[in-house]
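Residue numbers (full-length UniProt numbering), protein chains in the order written: chain A, 1 to 192; chain B, 1 to 192. Where is the CB? At the ideal position from N, CA and C, for every residue including glycine.
There are 2 protein chains.
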Amino acid sequence: MFEFLQNKINDTIIISDQEFEHAKTFFMPKKLRRKRFLLQEGDPCVYTCFVEKGLLRSFRIDDKGNEHILQFGMQGWWVADLYSFLTGEASEYNIEALEDSELLLITKPSWDQLLSELPVLERYFRILIQNNLIATQNRLMRNMTITAEQRYTNLLSEFPGISQRVPQHMIASYIGVTRETLSRLRSQISHQ
Amino acid sequence: MFEFLQNKINDTIIISDQEFEHAKTFFMPKKLRRKRFLLQEGDPCVYTCFVEKGLLRSFRIDDKGNEHILQFGMQGWWVADLYSFLTGEASEYNIEALEDSELLLITKPSWDQLLSELPVLERYFRILIQNNLIATQNRLMRNMTITAEQRYTNLLSEFPGISQRVPQHMIASYIGVTRETLSRLRSQISHQ
DNA sequence: CGCCGAGTTGAACTGAATCAAGAAACGTGG
DNA sequence: CCACGTTTCTTGATTCAGTTCAACTCGGCG
Numbered sequence: 001m002f003e004f005l006q007n008k009i010n011d012t013i014i015i016s017d018q019e020f021e022h023a024k025t026f027f028m029p030k031k032l033r034r035k036r037f038l039l040q041e042g043d044p045c046v047y048t049c050f051v052e053k054g055l056l057r058s059f060r061i062d063d064k065g066n067e068h069i070l071q072f073g074m075q076g077w078w079v080a081d082l083y084s085f086l087t088g089e090a091s092e093y094n095i096e097a098l099e100d101s102e103l104l105l106i107t108k109p110s111w112d113q114l115l116s117e118l119p120v121l122e123r124y125f126r127i128l129i130q131n132n133l134i135a136t137q138n139r140l141m142r143n144m145t146i147t148a149e150q151r152y153t154n155l156l157s158e159f160p161g162i163s164q165r166v167p168q169h170m171i172a173s174y175i176g177v178t179r180e181t182l183s184r185l186r187s188q189i190s191h192q
Numbered sequence: 001m002f003e004f005l006q007n008k009i010n011d012t013i014i015i016s017d018q019e020f021e022h023a024k025t026f027f028m029p030k031k032l033r034r035k036r037f038l039l040q041e042g043d044p045c046v047y048t049c050f051v052e053k054g055l056l057r058s059f060r061i062d063d064k065g066n067e068h069i070l071q072f073g074m075q076g077w078w079v080a081d082l083y084s085f086l087t088g089e090a091s092e093y094n095i096e097a098l099e100d101s102e103l104l105l106i107t108k109p110s111w112d113q114l115l116s117e118l119p120v121l122e123r124y125f126r127i128l129i130q131n132n133l134i135a136t137q138n139r140l141m142r143n144m145t146i147t148a149e150q151r152y153t154n155l156l157s158e159f160p161g162i163s164q165r166v167p168q169h170m171i172a173s174y175i176g177v178t179r180e181t182l183s184r185l186r187s188q189i190s191h192q
């Protein structure tokens, strides 16, 4: 259940098995079935979650009822609404399983305690968040500079196989176009 | 020269004066005059910079020659192209002073050493980057959901006084529209 | 079998970009 | 302190990418 987390942490910092065993005690394993929600808008985001297996998405619903996907959470990724998790305020995001998933959950109090007992993890999380920030800045700038078609092909090369795991209308709502537009882009691409 | 940095760090972590005095030795003060560049695209981003005074912007230029602003760096903010700074690869960003500015620069080797000698700063940077990530995710989602007009009024309320310090075409390139569009939005707003 | 969600296609519409031209503000040198 | 060029801002006409609305197909599933 904890293999992926251990691998991921060992990729960035040096941590003893003993320390990791201690870290494990702060997490709560949870299985979440496809189409079930870990977080619904209006509720506070109580958990930050590590995806050991499966696939999640975090998304918002705007005034017109359209979904906008912030993140796909694949194996080895962390998913949460950070702002709500840190402040305890109601979240504007939903987090839903797109496949039957195995998660490791941690609450804010546990996370605080984990970091104070194993300060070496500050570094792990700093680097994790740092990489996430770089990727998000990149996505932001690309949304301003490149066309929807380029964003689509970029997504496919960044997450190979995603189009087999995620319905197209969700891919559309990740790259920021309607399902109709993505459908048209795809037919253009396939006719050269 | 270091007052703002010390304040900012003390806002998030507990650090002794002694430790801060040691930290100071890793930074290089620099004055950068208006319209001068700290980083030009094609060069690696050698420094991460803390703005003690003044105003910077980081921006990209796309294929058509249009500028897109990633960040305004006001007093108390950190500015860099993180990816290039961490990897040493050529940057696609420019960093320019919009006002005569006083900066504190730190190189990658110094930063690594600083963090290993004062690991308490891991926490400071983790929280700093965390807040930056939240803000960037927010901006990304808002670019997908709300209109250019709302983004403009949001910007004005988030950075009061920015329209006095930054020319309008740069505000346009921050919110992701052309100068012409922003001009028209503004005239609509002022005629109710 | 009928229903429902997912995807496609068409036609009309719209917000913003582009192209173009002119007005206002700014700053630098004489 | 004025004159000149440069940068910034505005306004208009046209074009275009993407949305919206609507109808239809396809495949899975109770």
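Exclusion of the five residues before and after glycine 88 (chain A) leaves Pro44 as the residues of its chain whose Cβ lies within less than 6 Å of its Cβ. With respect to the 8 Å criterion, threonine 48 (chain A) and phenylalanine 85 (chain A) are classified as neighbours on the basis of their beta carbons. DSSP, reduced to helix, strand and coil, places asparagine 66 (chain A) outside both helices and strands of the structure shown, so it counts as coil.
The continuous alpha helix (DSSP H) containing arginine 179 (chain B) extends over residues 179-190. For arginine 60 (chain A), no alpha helix (DSSP H) segment is defined; the enclosing uninterrupted segment is the beta strand (DSSP E) at 56-61.
Excluding its 5 nearest sequence neighbours in each direction, glutamate 92 (chain A) has C-beta neighbours in its own chain below 7 Å: Glu41, Arg60, listed in chain order. Bounds of the beta strand (DSSP E) holding lysine 53 (chain B) are 47-53.
Nearest Cα to histidine 68 (chain A) within the set A:Ala90, A:Arg179, A:Pro29: A:Arg179. Rounded to the nearest angstrom, the gap between the Cα atoms of glutamate 117 (chain B) and glutamate 122 (chain A) is 15 Å.
By the neighbour-count definition (other C-beta atoms within 10 Å, threshold 16), glycine 65 (chain B) is an exposed residue.
Against chain B, the beta carbon of arginine 126 (chain A) has neighbours under 7 Å at Glu122, Phe125, Arg126, Ile129, listed in chain order. By the CB criterion at 8 Å, threonine 136 (chain B) and threonine 136 (chain A) fall inside the cutoff. Between glutamate 21 (chain A) and leucine 128 (chain A), the alpha-carbon positions lie close to 20 Å from each other. The three-state secondary structure of phenylalanine 37 (chain A), taken from DSSP, is strand.
In the structure shown, the three-state DSSP call for proline 44 (chain B) is strand. Contact between the segment 27-42 of chain A and the segment 10-17 of chain A is absent: fewer than 3 CB-CB pairs across the two stretches fall below 8 Å.
Remark: C-beta atoms of glutamate 102 (chain B) and glycine 54 (chain B) approach each other more closely than 8 Å. When beta bridges are read from the DSSP output, tryptophan 78 (chain A) appears opposite A:Phe50. Residue range 3-12 is occupied by the alpha helix (DSSP H) that includes threonine 12 (chain A).
Put simply, of A:Pro160, A:Glu158, A:Leu182 the residue whose alpha carbon is nearest the alpha carbon of histidine 169 (chain A) is A:Leu182.
When C-beta distances to chain A are compared with 7 Å, every residue of the segment 29-56 of chain B stays at or above that value. When C-alpha distances from serine 190 (chain B) are compared across B:Ser16, B:Ile134, B:Met74, B:Glu149, the shortest belongs to B:Glu149. Out of A:Phe125, A:Thr153, A:Gln71, the CA that lies nearest to the CA of asparagine 138 (chain B) is found in A:Gln71.
Taking a C-beta cut-off of 9 Å against chain A, the contacting residues of the segment 136-152 of chain B are Thr136, Gln137, Asn138, Arg139, Leu140, Met141, Asn143, Met144, Thr145, Ile146, listed in chain order.
For proline 119 (chain A), no beta strand (DSSP E) encloses it, and the DSSP letter there is neither H nor E. A distance of 8 Å or more separates the beta carbons of leucine 105 (chain A) and arginine 34 (chain A). At a Cβ-Cβ threshold of 8 Å, valine 51 (chain A) and glycine 73 (chain A) count as neighbours.
Nearest CB-CB separation between histidine 169 (chain A) and chain B: not below the 8 Å threshold. Between the C-alpha atoms of alanine 23 (chain A) and glutamine 113 (chain A) there is a straight-line separation of about 10 Å. DSSP places serine 91 (chain B) outside both helix and strand once states are collapsed to three, so it counts as coil. Taking a 10 Å sphere around the C-beta of arginine 126 (chain B), we find 16 or more other C-beta atoms and assign the residue as buried.
When A:Glu19, A:Asn94, A:Leu56 are compared, the shortest CA-CA separation from aspartate 62 (chain A) is found for A:Asn94. Counting along the chain, serine 157 (chain B) sits inside the alpha helix (DSSP H) bounded by residues 148-158.
Classified as exposed, glutamine 188 (chain B) has fewer than 16 neighbouring CB atoms from the shown chains inside 10 Å of its CB. In the DSSP assignment, glutamate 21 (chain A) falls within the unbroken alpha helix (DSSP H) covering 17-24.
The C-beta of aspartate 81 (chain B) has 16 or more other C-beta atoms within 10 Å across all chains shown, which makes the residue buried.
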